[in-house]
Ligand SMILES: [Zn+2]
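In my numbering, the protein residues as written are 101 to 449.
Right under this line is the structure:
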């Protein structure tokens, strides 16, 4: 089994370590560091990294990683699990998506040692984490005031990435092969199978999204044989993720007060009224209609909108019916009386 060295610290098989990777010295001369947890099984296997808060206001992933690290099954780990709950340390301090120079870290990969603040942080992540891993999962939420149905984004043209995307077990997979300077793109270009989990809203915890994330990562670790296979209960239905061919945004036809008639996970028909935008006095009502048959996978949660604001994100499917059933099965398995994987979870409120 190969030696693993992160930030100058070597972790042997069977060992665990908490590492503070030095990022920068602030103007106050306060050292800023990125917290990393490494857990190595005694037996050889893949090295999976799981990262969160690359956008500093996206917090569901921070909680997903906290619960993942407490999972009892990890005592039987094969290979290595590296978790990084807070990648954008600057952003999390300020409750902000961005870095102090207003750059988006997830558009700055692979980065460089001599570039901007964002570029240097991206380079550090590539050198210390990605270069030491064989697989990756990056955890995100919707932007501020926008919520996402739990979904996986991945390049499913790559067979191994496709296998793991399906194993994660969320209702919807978006096939995307972006060239956007994201961590996912930079890691994929090095041949690494890489998943992006999107669920919930910025600056909020969403219990269903968190449970879905923990369960999905465990499912992927089982598919990678890092954890033993689950005992299947015969009565329980499994989520069979469906791949969306494309998606579309529905935008506000005018500025005003927005009332939504549809919510995340609902099926919509072409031409269906999804909501209304109106003036505060109700004399300027405009209907918002769906341009396609599909499923609502993203939605604004603030009723104040400017003309052109994104109101809904709709995924287009060949057969929408199966996806709606998927959403129901997904919700039931995470909220039912006997969750498959009992955690100490707070109630869904
Ligand atoms: Zn994000």
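Heads up, the beta-carbon is just placed ideally off N, CA and C, and yes, glycines get one too.
#1: Give me the Cα-Cα distance between residue 274 and residue 241, rounded to the nearest whole angstrom.
#2: May I ask whether a heavy atom of ligand 1 can be found less than 7 Å away from the beta carbon of residue 206?
#3: Thinking C-beta only, is residue 138 closer than 8 Å to residue 152?
#4: For residue 311, which option in 178, 380, 326, 434 has the closest C-alpha, if you only look at C-alpha atoms?
#5: Among 122, 309, 430, whose alpha-carbon lies nearest the alpha-carbon of residue 342?
#6: For residue 267, name the three-state secondary structure that DSSP assigns.
#7: Output the residue ranges of the beta strand (DSSP E) runs that lie fully inside the stretch 228–287 and measure 3 residues or longer, sorted by chain position.
#8: According to DSSP, is residue 321 part of a helix, a strand, or is it coil?
#9: When the Cα atoms are used, what is the spatial distance from residue 229 to residue 219?
#10: Mind the definition here: the stretch 171–191 touches the stretch 115–135 only if three or more C-beta pairs lie below 8 Å; say whether that holds.
#11: Identify every residue that forms a DSSP beta bridge with residue 134.
#12: Just the C-alpha distance for residue 290 and residue 297, rounded to the nearest angstrom, thanks.
#13: Please check the pair residue 347 and residue 279, which I expect to be a contact at CB under 8 Å, by giving their CB distance rounded to whole angstroms.
#14: Short check: CB of residue 411 to CB of residue 350, under 8 Å?
#15: Does the beta-carbon of residue 158, which I'm using as the reference point, lie nearer than 7 Å to any heavy atom of ligand 1?
#16: If you measure from the CB of residue 413, is any heavy atom of ligand 1 nearer than 7 Å?
#17: Can you tell me whether residue 426 is buried or exposed, with buried defined as 16 or more other CB within 10 angstroms of its CB?
#18: Please name the residue or residues paired with residue 346 in a DSSP beta bridge.
#19: Less than 7 Å between the CB of residue 155 and some heavy atom of ligand 1, yes or no?
#20: Let's see if you can read the secondary structure: which residues bound the alpha helix (DSSP H) around residue 190?
#21: Quick one: residues in its chain with C-beta nearer than 7 Å to the C-beta of residue 213, no 5 flanking neighbours on either side, listed in chain order?
#22: Taking all protein chains shown into account, do 16 or more other C-beta atoms lie within 10 angstroms of the C-beta of residue 207, making it buried, or fewer, making it exposed?
#23: Given the structure, does residue 245 come close to ligand 1, in the sense that its CB is under 7 Å from one of the ligand's heavy atoms?
#24: Name the residue from 244, 382, 231 whose alpha carbon lies nearest to the alpha carbon of residue 106.
#25: According to the Cβ coordinates, are residue 323 and residue 263 closer than 8 Å?
#26: Any heavy atom of ligand 1 closer than 7 Å to the Cβ of residue 194?
#27: Mind checking residue 284: buried by the 16 CB within 10 Å criterion, or exposed?
#28: Would you check whether ligand 1 has a heavy atom nearer than 7 Å to the C-beta of residue 235?
#29: Using beta-carbon positions only, say whether residue 197 and residue 155 come within less than 8 Å of one another.
#30: Rounding to the nearest angstrom, what Cα-Cα distance links residue 256 and residue 326 in this structure?
#31: For ligand 1, is there any heavy atom lying closer than 7 Å to the beta carbon of residue 240?
#32: Got a sec? Which residues, its chain only, sit under 6 Å from residue 320 by beta carbon, not counting five neighbours each side?
#33: List the whole-angstrom C-beta distance separating residue 384 from residue 356, where the pair is believed to meet the contact cut-off of C-beta under 8 Å.
Taking the coordinates as given:
#1: 15 Å
#2: yes
#3: no
#4: 434
#5: 430
#6: helix
#7: 235–240, 246–254, 272–275
#8: helix
#9: 15 Å
#10: yes
#11: 121
#12: 20 Å
#13: Not a contact, Cβ separation roughly 17 Å.
#14: yes
#15: yes
#16: no
#17: buried
#18: 416
#19: yes
#20: 189–193
#21: 220, 223
#22: exposed
#23: no
#24: 231
#25: yes
#26: no
#27: buried
#28: no
#29: yes
#30: 22 Å
#31: yes
#32: 264, 267, 268
#33: 6 Å
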